[in-house]
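In the numbering used here, the protein residues as written are 36 to 458.
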């Protein structure tokens with residue numbers, strides 16, 4: 036996207052009606068809501084152009100939302116379902132699709148239920164959206180890194196710009212600053228101490244939708260890094276004792292595992308590691324085979340054939356799956372028929388740590404809902420609202436992240452508009 040930065044000389048303190056800090060989906064949606072109600076909106080972002088993480092997410096196919104039934108959709112937000120539900124009731128999956136159609140972008144539902152633009156791209160949608168926002172009077176200020184507040188007033192804002200520090204006085208402020216993943220795209224979590232020093236309660240930012248490290252041997256890593264494991268199922272027991280089981284695929288990385296199946300269960304895996312120092316997950320290498328069928332195949336006499344040839348001919352286990360068995364089981368376990376058969380259906384894999392937060396897809400933690408009212412206004416800072424990934428919620432990939440970001444931006448925008456109208 037071209038830069039929307041238009042540097043100009045500014046007064047020492049620029050008085051504004053509404054300031055939105057953060058040019059991702061949540062911030063832009065808040066700006067749209069405010070502009071539609073006649074509010075003069077200024078959007079500030081530290082980067083040279085807006086929507087950088089949004090565009091990055093769209094490089095592999097812009098997954099906007101999901102078409103599954105509402106109860107299942109809401110359940111994806113886990114412990115924060117009750118807080119996210121009112122926002123999605125106002126602007127959920129279908130409302131988001133309708134809104135995208137209003138930009139002139141058509142969508143379709145994929146075989147997995149995920150919803151995409153017909154061209155699978157994010158850039159055309161963002162261009163159309165920015166055009167509409169500018170037509171609605173929204174002004175953009177790029178390369179403006181928020182530094183916090185001055186001592187003058189709770190909504191007197193400080194920004195670092197290429198031309199030096201700039202101060203802005205706004206009647207309403209919406210913070211949509213993202214989490215702490217992909218800092219090079221603008222989400223660096225630098226806002227945490229700025230809010231904490233004003234008494235805002237914040238849950239620690241943690242990796243979400245992330246890969247995990249395992250203690251691969253050098254030979255396994257060299258042979259199989261980058262190889263997909265499919266079909267496979269992954270099982271983990273969370274810290275409350277609930278069992279989670281999901282089928283799909285993942286990828287062996289040089290130091291562990293990553294990919295869609297791992298991301299879908301990353302929250303309970305991460306929580307087990309935080310509590311216990313490690314997490315033992317179990318891989319079902321043949322999810323389409325029942326245990327009796329596997330045991331019968333493994334028990335079948337193999338004659339002069341090697342064990343590897345036997346497993347390949349009887350069960351189709353070869354390549355990375357065979358490598359995982361050898362990596363995770365001892366030689367004695369590999370030669371014990373009952374143990375080998377059981378392990379094919381439930382292979383224990385020890386995971387040591389989540390990948391660093393800057394390289395993960397999203398974050399858990401953030402501004403607690405208890406620190407805000409129903410309109411997402413901070414109790415400690417009246418007139419200051421929060422939206423998007425900086426809130427204390429998490430969800431798996433599949434369109435759930437973006438949907439809640441859009442919805443929370445709309446909620447914050449509505450709240451700010453009501454706050455301004457009451458002044």
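Ideal Cβ placement from N, Cα and C applies to all residues, glycine included.
- A distance below 6 Å between beta-carbons, with the five flanking residues on each side excluded, links residue 179 to the following residues of its chain, in chain order: 79, 194, 196.
- Between residue 372 and the set 150, 124, 334, 423, the nearest pair of CA atoms involves 334.
- In the structure shown, residue 177 adopts coil according to DSSP, grouped into three states.
- The Cβ-Cβ distance between residue 182 and residue 419 does not fall below 8 Å.
- For the set 257, 251, 302, 280, the Cα lying nearest the Cα of residue 274 is the one of 302.
- Taken through DSSP and simplified to helix, strand or coil, residue 452 comes out as helix.
- In this structure, DSSP gives residue 309 a helical state, which the three-state scheme calls helix.
- For residue 270, DSSP records a beta bridge to 280, 317.
- Apart from sequence neighbours up to five positions away, the residues of its chain that approach residue 142 with a beta-carbon distance below 8 Å are 99, 132, 135, 136, 150, 151, 152, 153, ordered along the chain.
- Of 205, 300, 399, the smallest CA-CA separation from residue 417 is found for 205.
- Secondary structure at residue 429: coil, using DSSP grouped into helix, strand and coil.
- Residue 64 places its beta carbon 8 Å or farther from that of residue 157.
- Inter-segment contact for the segment 353-364 and the segment 276-283 is absent: fewer than three beta-carbon pairs are separated by less than 8 Å.
- Beta-bridge partners assigned by DSSP to residue 122: none are found.
- Apart from the 5 residues on each side of it in sequence, residue 375 sits with its Cβ closer than 8 Å to the Cβ of 333, 360, 364, 368, 369 in its chain, given in chain order.
- Distance between residue 163 and residue 140, taken at the CA atoms: about 9 Å.
- In this structure, the straight-line span from the alpha carbon of residue 54 to that of residue 76 is close to 6 Å.
- The beta carbon of residue 102 is closer than 6 Å to those of 144, 148, 150 in its chain, skipping five residues each way along the sequence.
- Nearest Cα to residue 104 within the set 452, 424, 435: 435.
- For residue 335, no alpha helix (DSSP H) segment is defined, and its DSSP state is neither H nor E.
- Taking a C-beta distance under 8 Å as the contact criterion, residue 161 and residue 90 qualify as a contact pair.
- Per DSSP, residue 75 lies in no beta strand (DSSP E) segment and is marked neither H nor E.
- For residue 299, the enclosing alpha helix (DSSP H) covers residues 295-299.
- The DSSP-derived three-state label of residue 164 is helix.
- About 6 Å separates the beta carbon of residue 216 from that of residue 398, a gap short enough to meet the 8 Å contact definition.
- Classified as exposed, residue 232 has fewer than 16 neighbouring CB atoms from the shown chains inside 10 Å of its CB.
- Excluding sequence positions up to five before and after residue 62, its CB lies within less than 6 Å of the CB of 55, 211, all in the same chain and listed in chain order.
- Taking the CA atoms as reference points, residue 377 sits about 45 Å from residue 220.
- Collapsing the DSSP output to three states places residue 228 in a helix.
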